[in-house]
Structure formats: C-alpha cells, structure tokens
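So the protein sequences, as listed, match chains A and B. Sequential numbering of the first sequence, starting at 448, is according to this note's numbering. Sequential numbering of the second sequence, starting at 531, is according to this note's numbering. Each remark here refers to the structure printed beneath this line.
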Amino acid sequence: MVTGKVYKFQDNVDTDVIIPARYLNNTDPAELAKHCMEDIDDSFASKVQPGDIMVAGANFGCGSSREHAPISIRACGVSCVIAESFARIFYRNSLNIGFPILECPEAAKNINEGDQVSVDFKKGLIIDETTGQTFQAVPFPAFIENIINCGGLMEYIKSKQ
Amino acid sequence: MKMTMTQKILASHAGLEQVKPGDLIEAKLDLVLGNDVTTPVAVDEFRKAGFTKVFDKDKIAIVLDHYTPCKDIKSAQLCKKAREFAIEHKITNFFDVGKVGIEHALLPEQGLVGPGDAIIGADSHTCTYGALGAFATGIGSTDMAAGMAGGFSWFKVPAAIKVNLTGKFQPYVSGKDVILHLIGLIGVDGALYKSLEFTGEGVAELSMDDRFTIANMAIEAGAKNGIFPVDEKTLEYVKDRFKREVKIFEADEDAEYESVVEINLSELKPTVSLPHLPSNTKTVDEVKGMHIDQVVIGSCTNGRISDIRDAASVLKGRKVADHVRCIIIPATQEIYKQALQEGLLEAFIDAGCSVSTPTCGPCLGGHMGVMCENERAIATTNRNFVGRMGHTSSEVVLANPEIAAASAVKGEICTPADL
C-alpha cells in the first residue's frame, strides 16, 4: 500500500524525456534521479516527494529500451506509475526491476493533478482520496505475478537453474 | 493451425506445436545483444544475481556503438565495464572501436542473425532483424542479463497486424517512406504489443536495405516486432554471411490478424515526420521550404550502403548550403570501405559534408552533432521526440536519405527534383 500526491502527464511520454540520453553515460540511480523528467518538467526531480505517484495517458515509456527510465523514476522517490497503457519495453523493464506500474484507463482519465491517491497493489485497487473515486487496475497474469513473487526476473531465472 | 510467422517462430523456440495470442511462453534464444549504454547495467545485474557463466559465449553480441569513440570519461568507463565483461566471458561477437558498426546494420552484415532466429537485444531497434524473417525484439538490461545467464526469455505471444504491400516505388521514395506512412496511419501506439507482419506482392519490390529500414521502425508504432517473409532476396543476402541453418517459417493461410493495412507503394510520396512524434507525417510537398540548420544521414535506420549511395547520387557535384552542417555516418566499417571504394566519400567531402566513423552519436543527441536552442535538423534517423538531438527547443524532421541530401543542398526541405 502506497499513498502520495499525483503528478499528471499526457499521452506518449517517451524515454527521451523521462531520462535524456545526455545522462546515459551514467548508471548511478541517484544521479539519474536528479534528471528524471527534466525535458518535460525541469522542476519535477526537485519537487517530487517520496511516495508520490505518476499518472499518465496512453503509451507511457515509448521509445528506447533504456532501463535507466524506470530506474530514474523509482530513484527520485515515485512509488508507482498508473497509465492508460504502457509501451511494452518500459512495462517489461519496470516489472523486471520490481518497480510497480499499473494499467488502468479509468484512473488515468479521472485522477487529477495534485490529488492524493492510495494504491493497494495486492488488490490492484486505486483510491483517489481527494475525490473519493476508486478504480480497479488490470491484474497481472499469474506468470508475471510469479516473477514478482520471486523478487524479480534474475531471481526467477536462478530458481529455474 | 492459424499461426502468423511470428507465432510460428515463437512456438518453435518454445518447443510447442501451437501458440495463440496472449499465451505466455519461454523461448530459447539464438542471440542476445547489448550496447555500451545497456550492457553495463546488464553486467551489474548479472553479477549482483551471482551468475559467473554465460549460457553460450557464441550467442551473445556486445556492440559498443552509442557513445563511441568515447565522448567523455563517463562513457569510457561504461565501455570499459562492457569490454572487461566481454573479455572475461570470451564473448565471440564483441565489437569495439575500429571494428564496430551500428549494431542493427552490423549484425545482419556479419551473418550473426538470420531467418527463423529468435533474438532479444537491449536496444529498442533490435526489431530490425525481422527484415530477415527472424523474430527479434527490444528488451531492457535486466532481460539482457537474464538472457545471457539462461539463454531463454519469456514472451507474451503477440496478436498481429498484417501490412499488405502492393505496387512499385515512384522516384525519391524508399523503405523509409513506407514505414513513416504506416506510422502516420496507425499512430505511435497503433501496433502496441503486436507484431507487424509485412506481406503482399510489393515485398518483392523492396531491397533488403528497404526491409531493414521498415522493420527497424516497427517499434515506433509500438510493435513488439516487425517481420518480412523470406524470399530469394533474403536468401541471396544471407547466403555467404549467415553461419547457422536457415529456417524458413511461413504464415498459415488461415492465420488470424487483428487488422489489415493496405499500402500501395505506387501511391506513396516522399514523406517526412515533423516534430515531435514519428506519427506526425506529412508529404514533402506539404512542408517544402522549411528551414534547416543540420542534416544527419546515417543511423540503424538509414546508414546502409544503398542509403549512402542515394545520398551521394544527390550530393555529388553539388555543395551543401552555407548555413547547413551535413553529417554523413556510414553505419559499419564494411559500408564505410565500400563507400570509399565507390568514391562516395570523396563526393561528400567535395560537397562540404562531414563524414564520420560509425556511431549512433547524433541520433540520440549523444555526440557528433548535438543541436542548441531552436535549431532544426532533417535526419534519416528514427525518432523526433522533444530533445532527441539536443536542446529541448531543437527539432528533428525524419526523412529518407535522398530528401535529406537534397535539403542539405538547398538549405530547406525539398526533393532532388527541386535542385
């Protein structure tokens, strides 16, 4: 269960604006966090608080395969990304590093910038505390749930060997 | 049977008779790829998880192409980490400065990928190899690490969109225009999680380089992969290159597609994508006269020999406009050498172009052509997102090599017919 303030983004947020390539000569999460979302909102990294939640439109994380994108979002304190849909490599990368993301078109449409939102990951339940609305996220398939339960992809691969 | 080409390759690599869209499967991999940006993160994950051996030193490719020759100390440190890993694990297909080319031009050229393969690469444009009739898809660093350790990966079997090609190209139209037009039609998430299956009599009209360009940008429509049927041109291309057995998969007659997109090549016009999405397409006629400051001809999308020849056919005997910087980057050493032997590099230099050793450099705003405020480039690259080639107020217009070259001469967007 996490609770935080919402930062809202539009459709097609690409990995170049999540973490610009000029910072990809670095792999340190703390350093990447300083530049998270810089090219779309250069104050984001300084104002975001631990636990805050990103809510976005369709195709979040489109573009490159850089795992630095979910790494930087997590490292700047964001607890969860809720979107109408995710680009597939971003979706995979997030699950693989154990960063929670939820697909929920209704929540993405109705939650407003600045709302206080709670997320119950076990139930996939999203609660907008500001408006009182609740939303049900698309559940993970059992296979992916298993990867998450193993503690991420690397642990899952180890358990198979 | 009802399987698409992609579904058949996945079924075969998972040891299954039949798969259907939505099935979660584990497939054996023929190649696992990484570059200098993604490999270091994968190396950390690999070690952190306690792995000490790779599954097969011959089935991993590490290609240092993004920030090389290293642009700064930090990128040199990343390359060092990838290089030391490659040496420690005796990775056969390790490509460093002097031998390196842009990964998605290099791997097909070196015969490391071929028909029927299942390939993952920690680079989103890994989908390029679909041109050869392979299943190839981009993944991240942790997937790369897992692939290097175990030699398999999990996939959700994709549903498919059929793209039926007919007709023949008009002048100044090539593979780039096909894929830009398609992305303009279906949008940047029009094929999200799906495979784009190219088919139809128009396929025979496409050169292998056209097919590489088209499959390369399947990701720009959100697709998991793009794939072409294997024909005589494919077999001719892989004949003296590909070292493994060629496996030809064909879609079943009754394979199911979520939708069918018809593209008549005869009706295509030279096309560009305006900032800031590849789906923001216009015909060149609609944007003629747009001022440009820089031209980039190269990348994993359009840095192959036919692209370089196309650019040279326009630039030979002409001069780049005074206010324009024109940067030409042959994608591999073999292409560079071929261009040298054909006198193309001389033509570029005489025209006032910069010619570079292979690198991804400017495509992702890394180095070798980063733009400042309010500058605009026309580029044969694949993305035109905000800040892609430098400052957030700079702009990238995507185009084919002939259009980019002509625009370099005129200093504004045009076709070779306008020169």
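A virtual CB, placed ideally from N, CA and C, is assigned to each residue, including glycine. Computed from a predicted structure; not experimentally measured.
Quick check: is the beta carbon of residue 906(B) nearer than 9 angstroms to any beta carbon in chain A? no
Please tell me whether residue 745(B) and residue 719(B) are closer than 9 angstroms, where the distance is taken between their beta carbons. no
Give a single yes or no on whether residue 595(B) has its beta carbon closer than 8 angstroms to a heavy atom of the ligand MG. This structure does not include the ligand MG; it has no bound ligands of any sort.
Residues bridged to residue 802(B) (per DSSP): 812(B)
Check whether the Cβ of residue 429(A) lies closer than 9 angstroms to any Cβ atom in chain B. Residue 429(A) cannot be examined here, being either before or after the span of chain A that is shown, 448 to 608.
Less than 9 angstroms separating the beta-carbons of residue 888(B) and residue 653(B)? No, they are not a contact pair.
Can you give the Cα-Cα distance for residue 670(B) and residue 536(A), rounded to whole angstroms? 7 angstroms
Within 10 angstroms of its Cβ, does residue 811(B) collect 16 or more other Cβ (buried), or is it exposed? buried
Taking the beta carbon of residue 729(B) as the centre, do at least 16 other beta carbons fall within 10 Å, making it buried, or is it exposed? buried
Residue 496(A) burial status per 10 Å Cβ neighbour count (16 or more: buried): exposed
Whole-angstrom distance between residue 589(B) and residue 503(A), CA atom to CA atom: 38 angstroms
Alpha helix (DSSP H) segments (min. 4 residues) lying fully within the segment 454–512 of chain A: 462–465, 476–480, 491–494
Taking the beta carbon of residue 754(B) as the centre, do at least 16 other beta carbons fall within 10 Å, making it buried, or is it exposed? Classification of residue 754(B): buried, given that the 10 Å Cβ count is 16 or more.
Which residues in chain A have a C-beta closer than 7 angstroms to the C-beta of residue 847(B)? List them in chain order. The contacting residues do not exist; residue 847(B) stays about 36 angstroms from chain A at best.
Member of 548(B), 793(B), 859(B), 537(B) whose CA lies at the smallest distance from the CA of residue 699(B): 793(B)
Nearest candidate by alpha-carbon position, reference residue 607(A), set 563(B), 704(B), 556(B), 799(B): 556(B)
Determine the DSSP secondary structure at residue 523(A), reduced to helix, strand or coil. coil
Compare the C-beta of residue 608(A) against all C-beta atoms of chain B and say whether one is closer than 9 angstroms. yes
Exposure of residue 790(B), with buried meaning 16 or more beta-carbon neighbours within 10 Å: exposed
Less than 9 angstroms separating the beta-carbons of residue 806(B) and residue 914(B)? yes
Quick check on residue 711(B): buried or exposed, where buried means 16 or more other Cβ atoms within 10 Å of its Cβ? buried
Just how far apart, CA to CA, sit residue 886(B) and residue 705(B)? Distance between the alpha carbons of residue 886(B) and residue 705(B) is about 24 angstroms.
Could you list which residues in chain A have their beta carbon closer than 8 angstroms to that of residue 568(B), in chain order? 512, 513, 514
Check whether the Cβ of residue 632(B) lies closer than 9 angstroms to any Cβ atom in chain A. no
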